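Q: Numbering (the UniProt record's numbering), first residue to last: 1 to 295.
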């Protein structure tokens with residue numbers, strides 16, 4: 001059961017670890033403020049690579065699904081959020097030229113109406129006022145991230161419609177939907193320049209050398225949530241995903257104090273709203289806290 005005056009945030013992600021690398025400090029901030037936060041993880045991450053050399057062992061590969069579920073549980077505990085798996089199978093990231101076909105039965109190949117059903121049920125049961133997800137490019141072009149975008153936007157519409165999925169609970173209208181906008185050119189350049197100015201070696205040099213400004217989406221940012229005090233919580237949650245995150249790698253090469261001084265927000269694009277919420281904003285619940293539609 002949900003309390004009618006309780007603020008609720010639903011964050012929809014493709015794999016375990018995505019919740020800790022995209023919007024984690026925002027979630028920790030809202031948890032600290034008494035908001036119920038639920039992470040919906042579309043797949044189990046079964047086909048993920050082992051990106052931490054210390055975990056690249058045969059016994060880890062053999063138990064990948066089990067280990068990634070345990071990592072997710074630890075990250076959930078660190079962030080203070082609730083979490084549910086939607087039950088789909090990781091599609092993997094196809095590589096090669098031409099790209100190989102996706103594995104039969106994987107998340108990306110499930111028909112949209114079927115793939116969205118568990119999320120519709122979850123929205124109607126949890127009753128979030130705010131939902132975060134990925135943009136139309138998936139944040140980056142992984143088939144599971146693109147599918148996550150597709151089911152999120154489909155479920156946003158369907159969950160509010162009493163004629164769709166009538167057996168999956170009472171209709172619920174999500175008030176606001178946001179795309180996560182973490183990797184923008186201005187943010188990356190600012191962190192790069194801050195590291196160099198402090199005599200360090202920037203982890204972003206190669207990225208920036210090949211970054212086409214035409215692909216930058218920073219002009220779409222509508223909402224910047226101040227959450228720098230929760231960056232350590234974000235990092236601890238990331239490290240919990242030991243198969244995916246190398247604690248000596250790129251994620252942690254920019255000192256926290258520089259991150260806090262240089263870019264103390266996590267950024268979003270407001271793409272749907274049924275409440276009055278003028279932008280720019282600094283709160284995902286702007287317009288919801290005072291709206292009669294909240295309860």
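Even glycine gets a Cβ: it sits at the ideal position worked out from N, Cα and C. This one's a predicted model, so the numbers in the text were calculated from it and none came from an experiment.
Roughly how many whole angstroms lie between the Cα atoms of residue 205 and residue 183?
A: Their Cα atoms are separated by approximately 14 angstroms.
Q: Check the C-beta distance from residue 181 over to residue 152 and give it rounded, since I have them as a contact under 8 angstroms.
A: Actually they do not touch by this definition, with Cβ atoms about 15 angstroms apart.
Q: Would you report the Cα separation of residue 211 and residue 68, rounded to the nearest angstrom?
A: In a straight line, the C-alpha of residue 211 is about 31 angstroms away from that of residue 68.
Q: Can you pull the DSSP bridge partners for residue 83?
A: For residue 83, which the question treats as bridged, DSSP gives the partners 39.
Q: By Cβ distance below 7 angstroms, which residues in the same chain neighbour residue 301 in space, the five residues on each side in sequence not counted?
A: In the structure as shown, the chain begins at 1 and stops at 295. Residue 301 is therefore absent and cannot be evaluated.
Q: Give the list of continuous beta strand (DSSP E) stretches no shorter than 3 residues that lie fully inside the segment 78–165.
A: Within the segment 78–165, the complete beta strand (DSSP E) runs of at least 3 residues are 82–88, 130–133.
Q: Which class does residue 1 belong to by DSSP, given the choice of helix, strand or coil?
A: Low per-residue confidence applies at residue 1: pLDDT is 33, beneath 50, and the placement is therefore not dependable enough to give any value.
Q: Pick helix, strand or coil for residue 177, following the three-state DSSP scheme.
A: Looking at residue 177 - three-state DSSP - the assignment turns out to be strand.
Q: Starting from residue 273, follow its DSSP beta bridges and name the residues at the other end.
A: DSSP, once it has assigned bridges, lists 176 as partnering residue 273.
Q: Tell me whether residue 11 sits in a helix, a strand or coil according to DSSP, three-state version.
A: Strand.
Q: Please classify residue 21 as buried or exposed, where buried requires at least 16 neighbouring CB atoms within 10 angstroms.
A: Residue 21 comes out buried.
Q: Taking only the alpha-carbon atoms, compute the straight-line gap between residue 242 and residue 163 and give it to the nearest angstrom.
A: Distance between the alpha carbons of residue 242 and residue 163: 43 angstroms.
Q: Take every Cβ of the segment 56–71, pair it with every Cβ of the segment 110–124, and state whether three or more of those distances are shorter than 8 angstroms.
A: Short answer: they don't touch.
Q: Could you compute how far the alpha carbon of residue 4 sits from the alpha carbon of residue 174?
A: Per-residue confidence for residue 4 stands at a pLDDT of 47, beneath the threshold of 50, marking its modelled position as unreliable; the derived number appears in the next sentence. Looking at the two C-alpha atoms, the distance is approximately 14 angstroms.
Q: Rounded to whole angstroms, what is the Cα-Cα separation between residue 245 and residue 124?
A: Whole-angstrom Cα-Cα distance: 33 angstroms.
Q: Could you give the first and the last residue of the continuous alpha helix (DSSP H) run that contains residue 260?
A: First-last of the alpha helix (DSSP H) with residue 260: 256–262.
Q: Leaving out the 5 sequence neighbours to the left and right, which residues in its chain are closer than 7 angstroms to residue 149 when beta-carbon positions are compared?
A: Cβ neighbours of residue 149 beyond the five flanking positions: 133, 134, 135, 136, 138.
Q: Could you check the C-alpha separation between residue 287 and residue 186 for me, to the nearest Å?
A: Whole-angstrom Cα-Cα distance: 27 angstroms.
Q: If you drop the 5 nearest sequence neighbours on each side, which residues of the same chain put their C-beta closer than 6 angstroms to that of residue 100?
A: 94.
Q: Could you spell out the range, first to last residue, of the beta strand (DSSP E) harbouring residue 187?
A: No beta strand (DSSP E) contains residue 187, which is instead part of the alpha helix (DSSP H) from 185–197.
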